[in-house]
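Okay, so here's the structure we're looking at.
Chains as they are written, first to last, in our numbering: chain X, 168 to 478; chain C, 706 to 924.
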């Protein structure tokens, strides 16, 4: 893998038109992912994090409006993903440069075809040099397990099949969208171990999850998303060890091995995001300044950021 | 007491539970742990009268269950409520959230808007969400409605099957708090099923482990 590769996302916004309203799913997200490292995007369900992943792959429905830029830099002329045609995405990007590990692999697989048939299709379409059996062995499946239908696979097996399909085309960037939902802790640990191996062999990984513990295990950097916006970004140990955004601090405190208390209130509707800071009504530090949207500054978007880690 | 005794369940040739027994003790949160695919959810469905086992007996407050699912005696069925892992698969997509929460009341011929509003408040759902369809809310919001629905008929036994697995830490802490408050208020018994030992350590008074085919061990 060359060291020139990088995904650079700048000011990415996504909104959906629905009858009578506009849903702002992603607002001005800016971040980078580089080979050999993992960025975890965490936030509660419905905060827009999966939409972000789908935008990068051109998989949004017709009622979506996307703005900003997402440059896929790979040594030659970079591809701007948000403006790229479906033909370019299908022929050059999906599966070849970016592999998607989907949410709930058991339901993502086609139910009426065996795992082998689906993996072979990926191998054939992507012109992979590896065979289905090679890929299966590489991602921890026994050959006979490939002859099962999706409903005959356990959650862990379905996960490994999804990994093998996502990686059949040897992509250098892997998007993992809630890859652990429904898996038990040992399987989560195993799935995270696999993602870490992908990083260590030089791939870039963008992990989307609601599971802080899973993120902590695998990621180098963490981006915390709240109500469509990134509110805190930084090295994982720093962000979780000394959170500066009050929302991050609340998520950390809500863990069952910490205070186990929820952040008070509910997140705002994405159809009716308040002006200014979207977290202010739940925060406890609200002042007049919070009516103005806080810019991302030094890794945190808050007018009352908790103690500066670098101070 | 809710007591499952010698429960065996088979799916085709696969034995999911093999003579498994579990008793939910009064006044406690019993944790049930075990790896994916070990039969935890199958046991939950049997104990909620939702799945007839191949053999074994389920006893609800001393009465042996002989009929299952819709045919189960209403009087027994409403004593046990089950909260599922995936709220989206557990609600009728044609019902608005207020109707989802009130469904058990309506089905029992005593609709009660006041009760629905009260439960919605307890679970943290605001009024504007109650008029939404399930596809217009997030998983976390929908699961809040499912927890409210499970509490409408004041069950004596509450089975939480990976209730918070799909949720973020804050929503998890809130919903576990709602279940605990209900338990303290009514003395209901809770079976908390999770593969997360850290959560069960915090939530349950005792934890039982389920290995493959329903082999139970204290853990």
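Even for Gly, the Cβ is constructed at its ideal location relative to N, Cα and C.
Within-8 Å CB hit, residue i to chain C
i, result
"residue 462(X)", "no"
"residue 346(X)", "no"
"residue 353(X)", "yes"
"residue 360(X)", "no"
"residue 435(X)", "no"
"residue 217(X)", "no"
"residue 193(X)", "no"
"residue 451(X)", "no"
"residue 429(X)", "yes"
"residue 256(X)", "no"
"residue 242(X)", "no"
"residue 350(X)", "yes"
Any C-beta of chain D under 8 Å from that of residue i
i, result
"residue 877(C)", "Chain labels in this structure do not include chain D; the protein chains are X and C."
Cβ pair residue i, residue j closer than 8 Å
i, j, result
"residue 756(C)", "residue 896(C)", "no"
"residue 205(X)", "residue 385(X)", "yes"
"residue 395(X)", "residue 194(X)", "yes"
"residue 111(X)", "residue 268(X)", "Residue 111(X) falls outside the range modelled here, since chain X spans only 168 to 478, and no answer is possible."
"residue 843(C)", "residue 323(X)", "no"
"residue 713(C)", "residue 722(C)", "yes"
"residue 898(C)", "residue 778(C)", "no"
"residue 916(C)", "residue 743(C)", "yes"
"residue 753(C)", "residue 781(C)", "no"
"residue 735(C)", "residue 867(C)", "no"
"residue 374(X)", "residue 343(X)", "yes"
"residue 311(X)", "residue 299(X)", "no"
"residue 429(X)", "residue 421(X)", "yes"
"residue 813(C)", "residue 858(C)", "yes"
"residue 325(X)", "residue 338(X)", "no"
"residue 403(X)", "residue 389(X)", "yes"
"residue 247(X)", "residue 873(C)", "no"
"residue 784(C)", "residue 731(C)", "no"
"residue 184(X)", "residue 199(X)", "no"
"residue 767(C)", "residue 900(C)", "no"
"residue 710(C)", "residue 771(C)", "no"
"residue 239(X)", "residue 260(X)", "yes"
"residue 308(X)", "residue 279(X)", "no"
"residue 794(C)", "residue 834(C)", "no"
"residue 469(X)", "residue 400(X)", "no"
"residue 209(X)", "residue 192(X)", "no"
Proximity test, Cβ basis, 8 Å: residue i and chain X
i, result
"residue 903(C)", "yes"
"residue 868(C)", "no"
"residue 907(C)", "yes"
"residue 758(C)", "no"
"residue 720(C)", "no"
"residue 957(C)", "The requested residue 957(C) is not part of the displayed model; chain C covers only 706 to 924."
"residue 779(C)", "no"
"residue 740(C)", "yes"
"residue 737(C)", "no"
"residue 840(C)", "no"
"residue 873(C)", "yes"
"residue 914(C)", "no"
"residue 882(C)", "yes"
Residue i, buried or exposed, once every other Cβ within 10 Å from all chains shown has been counted against 16
i, result
"residue 848(C)", "buried"
"residue 466(X)", "buried"
"residue 243(X)", "exposed"
"residue 155(X)", "In the structure displayed, chain X extends from 168 to 478; residue 155(X) sits before or after that span and is not available."
"residue 478(X)", "For residue 478(X), the predicted model reports a pLDDT of 45, less than 50, meaning its position is unreliable; a value from the coordinates is still stated below. It counts as exposed."
"residue 760(C)", "exposed"
"residue 336(X)", "buried"
"residue 862(C)", "buried"
"residue 434(X)", "buried"
"residue 903(C)", "exposed"
"residue 719(C)", "exposed"
Nearest-angstrom beta carbon gap, residue j and residue i [assumed within contact, 8 Å]
i, j, result
"residue 828(C)", "residue 883(C)", "6 Å"
"residue 792(C)", "residue 840(C)", "About 12 Å separates the two Cβ atoms, so there is no contact after all."
"residue 251(X)", "residue 225(X)", "7 Å"
"residue 413(X)", "residue 450(X)", "5 Å"
"residue 810(C)", "residue 816(C)", "5 Å"
"residue 358(X)", "residue 347(X)", "5 Å"
"residue 263(X)", "residue 223(X)", "No, residue 263(X) and residue 223(X) are not in contact; Cβ-Cβ is about 14 Å, not under 8 Å."
"residue 215(X)", "residue 437(X)", "7 Å"
Beta carbons nearer than 7 Å to chain C: which residues of the region 396-427 of chain X have them? Within the region 396-427 of chain X, 417, 418, 421, 422, 423, 424 and 427 place their CB atoms closer than 7 Å to a CB of chain C, listed in sequence order.
Between the region 360-378 of chain X and chain C, which residues of the former have CB atoms less than 7 Å from a CB of the latter, in chain order? Within the region 360-378 of chain X, the residues whose Cβ lies closer than 7 Å to some Cβ of chain C are 377, listed in chain order.
Contact set between the region 808-832 of chain C and chain X, restricted to residues whose Cβ is under 7 Å from the partner: Here the close residues are 829 and 831.
Output, in sequence order along the chain, the residues in the region 312-330 of chain X whose CB is closer than 8 Å to any CB in chain C. Taking 8 Å as the Cβ-Cβ cut-off, the region 312-330 of chain X approaches chain C at 321, 322 and 323, given in chain order.
Against chain C, which members of the region 209-233 of chain X pass a CB distance test of less than 9 Å? Those residues of the region 209-233 of chain X that come within reach of chain C (Cβ to Cβ, closer than 9 Å) are 209, 210, 211, 212, 213 and 214.
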